[in-house]
Amino acid sequence: MTDSRPSPRLRHGRASLAISFFVQGAIFALLVTRIPALQDRYGISDGLLPLFLAAVPILAGVGSVATEHLVKRMRPGLVLRVVQPVVSLALLSAGSGTAVWQLALALAVFGLTVGALDASMNMLGVSLQRAYGRSIMLGFHGAYSLGGIAGASLAWVGAHWDLPLPTLYAPLVATLVPAALIAGRWYVDHQGAEPTEVVRDETTVSMRVLLPLCLVMAFAYIGDSTVSNWSAKYLEDVLHSSEQLATVPYNVYMVTTLLGRSFGDLGVRRFGAVAVVRAGALLAGGGFAVVAAAPGAWVGMAGFTLLGLGLCVLVPQTFAAAGRLFPGASDAAVARLNIFNYVGFLIGSPLVGALGGAWNYRAAMLVPMVLVLMTIRYARSFSPVPAGYGDGHERPRTVDVG
3 MTDSRPSPRL RHGRASLAIS FFVQGAIFAL LVTRIPALQD RYGISDGLLP
53 LFLAAVPILA GVGSVATEHL VKRMRPGLVL RVVQPVVSLA LLSAGSGTAV
103 WQLALALAVF GLTVGALDAS MNMLGVSLQR AYGRSIMLGF HGAYSLGGIA
153 GASLAWVGAH WDLPLPTLYA PLVATLVPAA LIAGRWYVDH QGAEPTEVVR
203 DETTVSMRVL LPLCLVMAFA YIGDSTVSNW SAKYLEDVLH SSEQLATVPY
253 NVYMVTTLLG RSFGDLGVRR FGAVAVVRAG ALLAGGGFAV VAAAPGAWVG
303 MAGFTLLGLG LCVLVPQTFA AAGRLFPGAS DAAVARLNIF NYVGFLIGSP
353 LVGALGGAWN YRAAMLVPMV LVLMTIRYAR SFSPVPAGYG DGHERPRTVD
403 VG
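For reference, each letter of the sequence shown is one residue, going 3 to 404 in my numbering.
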């Protein structure tokens, strides 16, 4: 029997990529949780702030599209090694400037490079999962969630001690950038991580085939942005919680997201991606229903807990499914799919806000619920390609993936 354990090279590549996911989670959290401080620093009005915030995901989509073409000339690992320090330095620049044009320039660089970073990280994750022959994508996104929790916690410390943004950001960036650069020495690109057998020779990406996964990605991020942007307001204004208690749901959501992703790969290996995606969509839909019907704050928080456990599996499995559908063009598939990350982010918060203002926020929560439940309709797109993995979920244990 051939040894089925991954080679040391693959194990090192997996650990180094997890570090990059962690770093990116921390950097992004340090930006979004300190937006009020950035607004105060530059004197940006409430009317102008949404334009700055919307520019970041729009430019990130441009960066993701550009990465699809860039990786035809250079390895995704090299792209990631270049752009991750730039993203971190853009964060520091955003927190250190004094004029609005400096913030605009820093956020523009952040948006373009974060799109390239998200795309290249997930390209590497997809190719590594294929080389491993078993589900590991949820673990990478779990590292991102852990980084997000760490970044948000550090941001809370900065706010609690009233630290200036440069004082908060500079030592963190000085720590995270070298860590990412060192980890980047062990990235494993797809050239060295291709499976021993590729069943489908899909060398071009059909958007007709990819579209169901694009919709699932958008629906997942509509749900995620609803939680991140409206959970505190919903608890305080609709469920009449205290201001302090209203800060809890997002933290609970992040913790349950981390827990779900930490154990989600085991579920995929045992039951398959289709079953896990369906279960995740049902849990998330149930979470939105509980939030919409909650009589009080504690029941509402139970709903946000279900949301974290359900939504957390959808995005990593969507990237993995794109890699399975187009084994000969997985980089292009991931780059195009990644755009719908930002589409969902742009749609989710304004959609719920508009419906809540025109109607009511309880009813508004039913819209992302319906969209997330529509994922069940597209669950078949997460099926493994024929003979791709041994039992429908994994490769045979006799395959040497090292």
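Just so you know, even glycine gets a beta-carbon here, dropped at the ideal spot from N, CA and C.
The region 76 to 90 touching the region 112 to 127, judged by at least three CB pairs closer than 8 angstroms: yes
G346 - DSSP class collapsed to helix/strand/coil: Position 344 of the sequence shown holds residue 346. G346: helix per DSSP, three-state reduction.
Test item: CB-CB of Y255 and G310 under 7 angstroms: Here residue 255 corresponds to residue number 253 of the sequence shown, with the count starting at 1. Here residue 310 corresponds to residue number 308 of the sequence shown, with the count starting at 1. Yes, the pair counts as a contact, with Cβ atoms nearer than the cut-off.
Reference A365, options P173, G312, A294, closest by Cα: As a position in the sequence shown, residue 365 is number 363, starting the count at 1. Of P173, G312, A294, the residue nearest in Cα terms is A294.
Entirely enclosed alpha helix (DSSP H) segments - the region 51 to 129, minimum 4 residues: Within the region 51 to 129, the complete alpha helix (DSSP H) runs of at least 4 residues are 51 to 72, 78 to 98.
Same chain, Cβ closer than 6 angstroms to G97, neighbours up to 5 away in sequence not counted: Position 95 of the sequence shown holds residue 97. Same-chain partners within the cutoff: L167, P168, Y171.
Validate contact between the region 136 to 151 and the region 18 to 34 using beta carbons, cut 8 angstroms, 3 pairs: yes
Backbone secondary structure at A281 - three-state DSSP: Within the sequence shown, residue 281 is the residue found at index 279, counting from 1. Helix, per DSSP.
Nearest candidate by alpha-carbon position, reference A275, set T69, P329, V315, L109: In the sequence shown, the residue the question calls residue 275 occupies position 273. Among T69, P329, V315, L109, the Cα nearest to that of A275 belongs to V315.
Simplified DSSP assignment, three categories, for C216: Within the sequence shown, numbered from 1, the residue matching residue 216 stands at position 214. Helix at C216.
Minimum C-alpha distance to V278 - residue among N343, V159, P318: Locating residue 278 in the sequence shown gives position 276, where the first residue counts as 1. Per the Cα distances, P318.
Environment of T320 [buried if 16+ CB atoms lie within 10 Å]: The sequence position of residue 320 within the sequence shown is 318, counting from 1. Classification of T320: buried, given that the 10 Å Cβ count is 16 or more.
Rounded separation between S9 and Y146 - CA only: Taking the sequence shown and counting its residues from 1, the one referred to as residue 9 is at position 7. Taking the sequence shown and counting its residues from 1, the one referred to as residue 146 is at position 144. The straight-line gap from Cα to Cα measures roughly 24 angstroms.
Distance, V128 Cα to T252 Cα: What you label residue 252 is simply residue 250 of the sequence shown in a count that begins at 1. What you label residue 128 is simply residue 126 of the sequence shown in a count that begins at 1. Just to set this straight, residue 252 is Tyr in the shown sequence, not Thr. CA-CA distance, Y252 to V128, rounds to 28 angstroms.
Proximity winner among W361, A337, T377, V111, relative to G312 (alpha-carbon distances): Translated into positions along the sequence shown, residue 312 becomes position 310. When each option's Cα is compared against that of G312, the closest is T377.
Member of Q41, V88, F54, S137 whose CA lies at the smallest distance from the CA of G269: For the purposes of this step, residue 269 is identified with residue 267 of the sequence shown, where counting begins at 1. Among Q41, V88, F54, S137, the Cα nearest to that of G269 belongs to S137.
At least 3 beta-carbon pairs within less than 8 angstroms: the region 334 to 352 vs the region 146 to 166: no
Check whether V354 and W232 have beta carbons under 7 angstroms apart: Your numbering for residue 354 matches position 352 in the sequence shown. Your numbering for residue 232 matches position 230 in the sequence shown. Against a cut-off of 7 angstroms, the Cβ pair of W232 and V354 comes out as a contact.
Whole-Å CB distance - A31 paired with A154, under 8 angstroms assumed: Within the sequence shown, the letter at position 29 stands for residue 31. Within the sequence shown, the letter at position 152 stands for residue 154. Yes, A31 and A154 are in contact; Cβ-Cβ is about 5 angstroms, under 8 angstroms.
Burial state of I29 (16 or more Cβ within 10 Å): Here residue 29 corresponds to residue number 27 of the sequence shown, with the count starting at 1. Counting Cβ neighbours within 10 Å, I29 comes out buried, since at least 16 surround it.
Pairwise C-alpha distance: R271 and V207: The residue given as residue 207 occupies position 205 in the sequence shown. The residue given as residue 271 occupies position 269 in the sequence shown. Cα-Cα distance, rounded: 26 angstroms.
Buried versus exposed, by CB contacts within 10 Å (16 or more), N362: The sequence position of residue 362 within the sequence shown is 360, counting from 1. When all chains shown are included, N362 counts as exposed.
Helix, strand or coil at V207 according to DSSP, with G and I counted as helix: What you label residue 207 is simply residue 205 of the sequence shown in a count that begins at 1. Three-state DSSP puts V207 in coil, outside helix and strand.
Reduced DSSP secondary structure (H/G/I, E/B, other) of F328: Here residue 328 refers to the residue found at position 326 when the sequence shown is read from its first residue. F328 falls in the coil class under three-state DSSP.
Other residues of its chain near S230: CB distance less than 7 angstroms, five sequence neighbours each side excluded: Locating residue 230 in the sequence shown gives position 228, counting from the first residue. In its chain, beyond the 5 residues on either side, Y252 have a beta carbon closer than 7 angstroms to the beta carbon of S230.
Reference G282, options L107, H71, G225, G45, closest by Cα: As a position in the sequence shown, residue 282 is number 280, starting the count at 1. When each option's Cα is compared against that of G282, the closest is G225.
Contact check, T69 vs A337, beta carbons under 7 angstroms: Within the sequence shown, residue 69 is the residue found at index 67, counting from 1. Within the sequence shown, residue 337 is the residue found at index 335, counting from 1. For T69 and A337, yes; Cβs fall inside 7 angstroms.
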